[in-house]
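Q: Everything in the sequence shown is counted per my numbering, starting at -4 for the first residue and increasing by one. For each residue, glycine too, the CB sits at the ideal point set by N, CA and C. Handing you this structure, nothing more for now.
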Amino acid sequence: MLAIVVSRADEASEHVGERLLEAADWKTRTDDSRPDAEGGGEFHVLPAGASAGASPRPDAARGVERVELRTFEALHLRLDGAAEAFGGDGSDGAASPDLLAFASRHSGETGPLLTAHFTGNVGAAEYGGRPGELAAAAPAALDRAIEAFD
C-alpha cells in the first residue's frame, strides 16, 4: 500500500492532497484510534480496483487498499513515525505501508517546482529528520512518479 502524508502546516501539501482526492474515486473512512492531528479522524483510501489513471494491480481481486491518504497537523519535516498511522484504524494489526510519500512544498533557485525524491540527511539534519540517516530508496516508485508528471 502507498501511504500519502498531507500536512495542514504546509499550504502546498494541502493543495496537492486536494488535487489527489479530486483525481480518483476515493472512499472516506474514520480512524478513532488516534487524534485527528496525528493522522486519525477522517482519512481516504483508494481501493485497488478504483480508477486513478493507472492499471489495477494484482491485489485488486483481493479488495486490498492500494493507496491511503491521511492528514497530519505538524509540518512533514517534524513528523516522526507517520507510517504507524496507516494500514487500518489502528486496532486491526494491519501491516505497515510499502511506501510512504509526503505531499510537500519544494522550491529551488528557479522558484517553485514539482519534484519527487527520497528523504533523509547525508549530513546534519537542518530541516528535520535525523543526522546521517537516509530512507530506503524505491527507484521503481520514483520512476513511476516522475512519469506521471508528464
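Contact check, L41 vs Y122 under 8 Å by CB: the rounded distance?
A: Not really, about 29 Å apart at Cβ, beyond 8 Å.
Q: Verify whether the separation of the beta carbon atoms of F67 and E33 is less than 8 Å.
A: yes
Q: Over the uninterrupted alpha helix (DSSP H) stretch that includes E121, give me the two end residues.
A: Unbroken run through E121: none, as it is neither H nor E.
Q: Under the assumption that L95 contacts A119 (Cβ atoms under 8 Å), give the Cβ distance between them as a whole number of angstroms.
A: L95 to A119, Cβ: 22 Å. No contact.
Q: Buried or exposed: E6, going by 16 or more other Cβ atoms within 10 Å of its Cβ?
A: exposed
Q: Is it right to say L74 is buried, meaning 16 or more other beta carbons lie within 10 angstroms of its own, or is it exposed?
A: buried
Q: Contact between the stretch 126 to 135 and the stretch 104 to 116 is defined here as three or more beta-carbon pairs at a separation below 8 Å; is this criterion met?
A: Between the stretch 126 to 135 and the stretch 104 to 116 there are three or more C-beta pairs closer than 8 Å, enough to call the two in contact.
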